[in-house]
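In this note's numbering, the protein residues as written are 0 to 73.
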């Protein structure tokens, strides 16, 4: 996890690499990878803090034996 402190702002980035499973949790179906940024803003003289979250670089990889069932059209 990356952390950056910018005075009244702080920013964190966390990379996720998740294994996707069926509803019983017994069979792996694929992987989901992505990066998530969270930026927090603090205001001087008040207790107010605002947050902004962003998700980027989303990558989905099905297990070859399961198939993705994707239909591509033009």
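Glycine included, C-beta positions come from ideal geometry on N, C-alpha and C. The structure presented is a predicted model; accordingly, all values stated were derived computationally and were not measured.
Got a sec, what are the start and stop residues for the beta strand (DSSP E) residue 53 sits in? 48–61
Residues bridged to residue 31 (per DSSP): 17, 59
For residue 7 and residue 17, the rounded distance between their alpha carbons: Spanning the alpha carbons of residue 17 and residue 7 requires a straight line of approximately 32 angstroms.
Can we say the stretch 14–33 touches the stretch 51–60, given the rule of at least three CB pairs closer than 8 angstroms? yes
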